[in-house]
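Going left to right, the sequence shown walks through residues 490 to 637 as the numbering used here numbers them.
Below you'll find the structure, written out as structure tokens, and then a few comments.
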Amino acid sequence: MGIYAIMGSFPSKDPVRPTAVGANSIILTNNSLAKGLQRRFPQVFSPDLGHYNLAKASLQLNAGAKPIFYSKRPAQYVALAAVDKELDRLETDSLLSPTVRHEPVKNTRLERQFNRQCGARNQTVKLGDPVLVRTYQGEELTGQKGKC
């Protein structure tokens, strides 16, 4: 079963480049159903149609904001070829660029030993133990010693 396009372009996931559906490819087909639709509705298949403009989009950026780069999401094995092809297309259209990490992502080793009291249990992290350091970007927690 074929897919029949009615307009010249439709909205897509790519905001810069709409999905182009050429009416010429429908006109050149030998399918009798497509030819019947073209004869019944010639105004729909005219090359003078514009682009889809019913939806409006706005983009608001904070001043001085730094971009956050994430690795691509894992895709199903069946869809890997299509996903890689689309990523390559976006890269050739200069919409995406590869990220080069100057430092490898690794565990951080502690410089000194410290204790953390929480409830009735002391948790000790010794020198050289790999730990995952998480940063808290909220209010200052310096005056909260001994409290959890």
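Positions of the beta carbon are idealized from the N, C-alpha and C atoms, including for glycine.
task = Within the same chain, show all residues whose beta-carbon is closer than 6 Å to that of leucine 527, passing over the 5 residues directly before and after it, in chain order.
result = The amino acid at residue 527 is misidentified as leucine; the sequence shows glutamine. Correct list, in chain order: Phe534.
task = Express the C-alpha separation of proline 556 and serine 547 in angstroms, rounding to a whole number.
result = If you take the alpha carbons of serine 547 and proline 556, they lie about 18 Å apart.
message = I need the straight-line Cα distance from proline 587 to leucine 543, nearest angstrom please.
response = Proline 587 and leucine 543 have their C-alpha atoms spaced approximately 33 Å apart.
key: threonine 581 in three-state terms, based on DSSP   = Three-state result, threonine 581: helix.
task = May I have the straight-line CA-CA distance separating asparagine 520 from proline 536, to the nearest angstrom?
result = Each residue's alpha carbon lies about 20 Å from the other.
request  = Classify alanine 554 as helix, strand or coil using the three-state DSSP reduction.
outcome  = If DSSP states are grouped into helix, strand and coil, alanine 554 belongs with coil.
key: Distance between lysine 545 and phenylalanine 558 (C-alpha atoms, nearest Å)   = So the alpha carbons of these two residues sit roughly 26 Å apart.
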